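Note sheet for the following structure.
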Amino acid sequence: MMPQNILKSITQASNVIGKTWPLYSFVTSNPLSGYEGTDFKTAVDNAGAILNTTMFPEASLFRQAWEQGEINKLEVEKLLLEKGYDKSPDFYLEQMEARKETSEKNKSHKIDDIMAKWLSAFMDEGLAEWEMPGKEAGFYAAWRKLAKFDQELKINDINDIPKNSSEALQEVLKGTPENNYVAIFTYHLAALPGWTGYINYRVESNSLWHQTYPITLEDYLAVRLWIAKHLNLELLPKDHVGTIPAALTEVPYIWLKAWESTWQQQLVNSLEVQTADETDLEESKNIPDAQMAFCIDTRSELIRRHVESKGNYETFGYAGFFGIAMDYSNLQDGLSRKSCPPIVTSAYLVSEKAGPNKEEELITFQKKNEKSKFGAYFFKRMKNMLPSAFGFVEGSGFFYGCYLLIRTFAPGRFYRYKKKTLPAYENLCTPEIQSANDDKAIQLNIPLDEKVGIVKSAFDLTGWQHFAPLVLFVGHGSHSANNAFASSLDCGACAASPGRHNARMLASLANEKEVRTALAEIHGIRLTDSTVFIGAEHNTTTDEIVIFDAEVPTSHKEKLAVLKSNLVLAQQTATQDRLGVDKNSVTVAQGKANQWSETRPEWGLAKNAGFIVGPRSLTKTENLDGRCFLHSYNWKLDKTGAALEGIMQGPMVVTQWINNHYYFSMVANETFGGGSKITHNITGRFGVVQGNGGDLKMGLPLQSLRASDTEMYHKPLRLSVMIQAPKARLVDILERNGNLRMLLDNQWIYLMVVDPMNNNKIEKYGKGLQWIPVSAESDSEVEHNTKIAYEEAEAVTV
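With my numbering as the guide, the letters of the sequence shown map in order to residues 9 to 806.
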């Protein structure tokens, strides 16, 4: 049994690593989540020292923002003066540009290479043709059994190796002061943060792979430290410091805060904040022709603008899993995957059954699907099996060459062809829901009160009152070819799965007569037969909105046809806007979706910087350039504040994860990002490495963040949240939720309130539940105060 003092030290040391999510379920998260109890600057200083990496934007990014007017000169001057820096901003920017980073990644290259080799073999999830033997016994036991065959380790007898990880760690640490344990463990966990982050993921998610082939951080450290000692390598380099002098990071942090403050002021200035809510009440009386609830995803901001411009349409923002904590059993591949936020336990399992009069069509689809699956399996086996590989390549080379030529020179046309030949099974099926804990497949219905609760929650959280004839729940998914990071472009709220399944399930529940009756009798929410709910999906690569309308009644077909034609127009203008293309923009987007050599099929959530919670009237007239998450909320209908508390505890925390993932991938791509796609190699089906080995890449590739090698696309700013609600309501929520207050007090996120009880005045949260007016000073006042401060500083110097 592992001694408690060692276990405790490993737990403390593991704060330096986050979780590395697998490629097939790539969820953005804060890689420094273990530091959220510490203020942001201290956290990044400490983590940066341990990981030997810069944790603030490089000087060239500040230079770009400075020259593009994204950092207000008066703001940076003011912040510099507050910290006693009395020279011009240009002086400090030039200082940052002159400073060269000389720190070495780590001094354990040899052992890093050894460990990466063993980890890739043990943690393989079906990519390798031949598995590492003995994996079911766990990492340490499997390694111990095979270690003598590794010539680099120079082991003659297996009996020279301790029998288990506990004995190995105790042997290695014998004679080492206990107060050095944390530093040693931290140093070795931080050496390969991608691999140790994936161990973290497998353990915490208790995945099937972990249950079958267990590996823990204790096992990893036991193997690594024993090898280090055996090869006479230092457990902790003598010159290892583990901290960075605060002075080296203070100026970059000031520039970052000035950049963020400038963005916040621009956001405030761009929103037409109403002095009263009469406008919303007037609009609510005019029932639109259709309503659409999109995910709060930043990519929805653009498509919502274009949809609203094409007719009498109203849009809402809601977390993309649509409030259904579910796993989804995919009819196409037979696999069951999580389709709700990773922090939420799946309460339901959703599967498919044939829709009305669709049984024969579904059988035909399933037969075609089985043939397609067998063809893909046969193709893979012929390529990979040693006896057939060479003959297969010779025999199929001509046909495969033609296939590559078509995909290279006519990707858009090939994309449209595939869509015609592979119809979506969702148009043949109806989703059905059951408890995830129910093993009896016959009992497919969940209690009525749970169904009602799911539907009512959607209306409560968005402030939905009046219902159009057509109501679409629009999930989102992406489409790209030859893209290891494809799942990072799908719906993060659905655990990197497409959102269509959740959208269809919510629509199905909202259409049930029993649910509508209960909503009316118990909650006073009346849904008439004139309102039909429909599931749909927004393809974020092509901006097409696909409607799954297998069960739409005949009475609504004409209205639906008009909506579909307008959504085609919205796709055209949205792709023009997003791609900057005047003609054939849809064709260009389809080409990007199916071009096997395309490094940037779409930008995902790049540029995210804000999260706005409130009615659509706050943002409807503004082009927010895809930089904001938008969550609908009506403070007047939320009498108890429960809906707002749910938004802050759920979507606000998740958007902070997304924002920090992008931030750290941008400022420290070598450590927290994915490097260049050009030299990626997939390992074990779950991750990528750069070139032929090394650390597992844990974040986004450069092509998802930069427009070129030198030009940024994503702007690394911390998330600024703006909520329209009575300030007293926010204070009450924060007083009762210490985890939210911690994120704010430690400045992992910013919070601004638009207080309707005080003429919609905007105030910004300050540490300890203090509130600061955002626009208390005009530019002229800021300039005047800054000038006085400079004069005072000069007088002191003299």
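Quick reminder that beta carbons are idealized off the backbone N, C-alpha and C, glycines included. Being a predicted model, the structure only gives us computed values, none of them experimental.
If you draw a straight line from the C-alpha of residue i to the C-alpha of residue j, how long is it?
i: residue 436; j: residue 369; result: 7 Å
i: residue 665; j: residue 37; result: 4 Å
i: residue 311; j: residue 19; result: 44 Å
i: residue 365; j: residue 620; result: 44 Å
i: residue 745; j: residue 616; result: 25 Å
i: residue 377; j: residue 355; result: 29 Å
i: residue 553; j: residue 481; result: 11 Å
i: residue 222; j: residue 216; result: 9 Å
i: residue 667; j: residue 640; result: 20 Å
i: residue 521; j: residue 560; result: 15 Å
i: residue 207; j: residue 611; result: 29 Å
i: residue 603; j: residue 711; result: 15 Å
i: residue 606; j: residue 716; result: 14 Å
i: residue 702; j: residue 62; result: 20 Å
i: residue 322; j: residue 472; result: 11 Å
i: residue 126; j: residue 169; result: 16 Å
i: residue 313; j: residue 698; result: 39 Å
i: residue 572; j: residue 556; result: 11 Å
i: residue 776; j: residue 256; result: 28 Å
i: residue 272; j: residue 33; result: 32 Å
i: residue 591; j: residue 550; result: 14 Å
i: residue 101; j: residue 56; result: 21 Å
If we count the other Cβ atoms within 10 Å of its Cβ and call it buried at 16 or more, is residue i buried or exposed?
i: residue 569; result: exposed
i: residue 453; result: exposed
i: residue 778; result: exposed
i: residue 171; result: exposed
i: residue 12; result: exposed
i: residue 528; result: exposed
i: residue 106; result: exposed
i: residue 576; result: exposed
i: residue 648; result: exposed
i: residue 120; result: buried
i: residue 565; result: exposed
i: residue 138; result: exposed
i: residue 68; result: exposed
i: residue 656; result: buried
i: residue 690; result: exposed
Just list the residues that DSSP pairs residue i with in beta bridges.
i: residue 100; result: Paired residues: none, contrary to the question.
i: residue 314; result: According to DSSP, residue 314 bridges with nothing at all.
i: residue 356; result: 334 and 443
i: residue 807; result: Residue 807 cannot be examined here, being either before or after the span of the chain that is shown, 9 to 806.
i: residue 636; result: 618
i: residue 321; result: 298
i: residue 438; result: 361
i: residue 763; result: 769
i: residue 368; result: Per DSSP, none; premise fails for residue 368.
i: residue 346; result: 335
Nearest to residue i by alpha carbon, out of the options?
i: residue 517; options: 438, 77 and 227; result: 438
i: residue 493; options: 465, 166, 688 and 216; result: 688
i: residue 99; options: 547, 316, 260 and 617; result: 260
i: residue 583; options: 77, 433, 219 and 307; result: 307
i: residue 642; options: 625, 658, 521 and 766; result: 625
i: residue 783; options: 269, 323 and 318; result: 269
i: residue 461; options: 545, 332 and 351; result: 332
i: residue 662; options: 419, 757 and 433; result: 757
i: residue 866; options: 317, 764 and 277; result: Past the boundaries of the shown model lies residue 866; the chain is included only from 9 to 806, so the question cannot be answered.
i: residue 327; options: 638, 58 and 675; result: 638
i: residue 598; options: 702, 486 and 495; result: 486
i: residue 226; options: 190, 238 and 242; result: 190
i: residue 673; options: 656, 83 and 707; result: 707
i: residue 766; options: 188, 194, 66 and 734; result: 734
i: residue 76; options: 780, 209, 773 and 719; result: 719
i: residue 614; options: 725, 691 and 694; result: 725
i: residue 337; options: 360, 152 and 35; result: 360
With a cut-off of 9 Å, does the C-beta of residue i fall near any C-beta of chain C?
i: residue 492; result: Considering every chain present, this structure includes no chain C. It has just one protein chain.
For the segment 673 to 723, list the alpha helix (DSSP H) runs that are entirely contained and at least 4 residues long, ordered along the chain. 677 to 680
If we require 3 or more residues per run, which beta strand (DSSP E) segments fall completely within the segment 209 to 267? none
Considering only residues of the segment 608 to 633, which uninterrupted beta strand (DSSP E) runs meet the minimum length of 3 residues and lie entirely inside it, listed in chain order? 618 to 622
Please list the segments of the alpha helix (DSSP H) lying wholly inside the segment 115 to 202, counting only runs of 4 or more residues, in order along the chain. 117 to 130, 147 to 154, 173 to 181 and 189 to 199
Going residue by residue through the segment 9 to 53, where are the continuous alpha helix (DSSP H) segments of at least 4 residues, counting only ones entirely within it? 12 to 21
For the segment 467 to 511, which segments carrying the beta strand (DSSP E) assignment without a break, of at least 3 residues, lie completely within its bounds, in sequence order? 478 to 485
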